[in-house]
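These notes concern the structure reproduced below.
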Ligand SMILES: Nc1nc2c(ncn2[C@@H]2O[C@H](COP(=O)(O)OP(=O)(O)OP(=O)(O)O)[C@@H](O)[C@H]2O)c(=O)[nH]1
Ligand SMILES: [Mg+2]
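In the working numbering, the protein residues as written are 3 to 233.
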């Protein structure tokens with residue numbers, strides 16, 4: 003009995019979240035903005051990746067960040083050094099951002115900046131390999147990071163994140179020589195869950211794979227722009 007009630011509650015919750023996500027995406031589309039939702043376990047390297055991305059692309063594109071953390075503005079402060087608008091959202095006890103929180107972030111952003119001048123919004127989700135993948139926030143694509151330190155089996159044990167990802171970054175590959183880890187096995191496990199996902203091994207430390215990642219981001223923003231021009 004309890005289970006049926008819980009399942010119904012969860013369906014309602016996800017349904018309400020999805021409506022909010024669709025609404026956020028309509029705003030982004032109207033403004034011609036591409037939104038990427040960046041997700042991973044705690045510490046896999048999301049903020050360092052965003053730092054590298056802002057350093058490389060913030061001249062070419064007008065970028066803003068929505069930074070989700072349970073507590074603190076530590077990551078937001080790191081990213082503000084790149085001179086882009088960063089909206090910090092503290093989720094409290096919640097292990098993920100939801101579409102309502104991101105709608106709040108969009109309103110804060112729109113108060114301070116003209117959103118139609120933005121090209122790209124990068125959302126850094128709360129560090130968690132499960133919940134963020136269940137709650138869309140209005141993104142156009144999902145980016146998941148899996149650090150080599152997490153083990154080859156994670157795509158099989160936590161499949162939702164890997165099923166949902168449009169781009170999967172195998173992070174911290176500079177550490178692979180020091181670990182007993184098989185990079186090909188990670189890729190094979192990811193492909194088993196999601197055969198067509200774009201997979202890019204990267205190291206924010208050595209720069210390996212960053213060019214391919216930046217090219218992927220550029221292609222997302224340019225595709226959105228040409229779609230907006232044709233409407
Ligand atoms: N060796 C190595 N270390 C890295 C790399 N990327 C990130 N790190 C380190 O990993 C740690 C965590 O990086 P963050 O970028 O803060 O990770 P995060 O995913 O944003 O963490 P949360 O926001 O807390 O979930 C830091 O000490 C980084 O310096 C990498 O490519 N190679
Ligand atoms: Mg972070």
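We treat Cβ as the ideally placed atom computed from N, Cα and C, and that holds for glycine.
- Query: Secondary structure at residue 102, three-state DSSP: helix, strand or coil?
  - Reply: Walking along the chain shown from the start, residue 102 turns up at place 100. Residue 102: helix per DSSP, three-state reduction.
- Item | Buried or exposed by the 16-neighbour rule on C-beta atoms within 10 Å, applied to residue 83 | Translated into positions along the chain shown, residue 83 becomes position 81. Residue burial is scored here from C-beta neighbours: residue 83 has fewer than 16 other C-beta atoms within 10 angstroms and is therefore classed as exposed.
- Message: So, under 8 Å CB-CB, residue 168 and residue 143 are touching, yes? Tell me the CB distance rounded to an integer number of Å.
- Response: Numbered from its first residue, the chain shown carries residue 168 at position 166. Numbered from its first residue, the chain shown carries residue 143 at position 141. Contact check for residue 168 and residue 143: beta-carbon distance about 4 Å, within the 8 Å limit, so the pair qualifies.
- Query: Ordered along the chain, which non-local residues of its own chain (more than five positions away) have a Cβ less than 8 Å from that of residue 27?
  - Reply: The residue labelled residue 27 in the question sits at position 25 within the chain shown. Counting only Cβ-Cβ distances below 8 Å, and skipping sequence neighbours, we find 37, 140, 141 and 142.
- Drop a sphere of 10 angstroms on the beta-carbon of residue 160, count the other beta-carbons inside from all chains shown, and report buried for 16 or more, exposed for fewer. As a position in the chain shown, residue 160 is number 158, starting the count at 1. Flag for residue 160 reads buried.
- Message: Let me make sure I understand the geometry here. Which of 72, 42 and 166 has the alpha-carbon closest to that of residue 196?
- Response: Residue mapping note: residue 196 aligns to position 194 of the chain shown, counting from 1. Among 72, 42 and 166, the Cα nearest to that of residue 196 is on 166.
- With residue 36 as the anchor, note down where its alpha helix (DSSP H) starts and where it stops. Translated into positions along the chain shown, residue 36 becomes position 34. In the DSSP annotation of this structure, residue 36 is not part of any alpha helix (DSSP H); the continuous beta strand (DSSP E) holding it starts and ends at 36-41.
- Simplified DSSP assignment, three categories, for residue 144: Taking the first residue of the chain shown as 1, we reach residue 144 at position 142. Three-state DSSP puts residue 144 in a strand.
- Please name the residue in 64, 93 and 66 whose C-alpha comes closest to that of residue 74. What you label residue 74 is simply residue 72 of the chain shown in a count that begins at 1. Nearest of 64, 93 and 66 to residue 74, Cα basis: 93.
- Message: Taking the straight line between their C-alpha atoms, what separation do you get for residue 205 and residue 10?
- Response: Taking the chain shown and counting its residues from 1, one reaches residue 205 at position 203. Taking the chain shown and counting its residues from 1, one reaches residue 10 at position 8. For residue 205 and residue 10, the gap between their C-alpha atoms comes out near 42 Å.
- Got a sec: does ligand 1 put a non-hydrogen atom nearer than 7 Å to the Cβ of residue 177? In the chain shown, the residue the question calls residue 177 occupies position 175. True, at least one ligand heavy atom lies under 7 Å from that Cβ.
- Message: What I want to know is whether the C-beta of residue 49 ends up closer than 7 Å to one or more non-hydrogen atoms of ligand 2.
- Response: For the purposes of this step, residue 49 is taken as the residue at position 47 of the chain shown. Taking 7 Å as the cut-off, the C-beta of residue 49 counts as close to a heavy atom of ligand 2.
- Query: Taking three-plus beta-carbon pairs below 8 Å as touching, is the stretch 121-131 in contact with the stretch 98-113?
  - Reply: By the Cβ test, the stretch 121-131 is in contact with the stretch 98-113, since at least three Cβ pairs between them sit closer than 8 Å.
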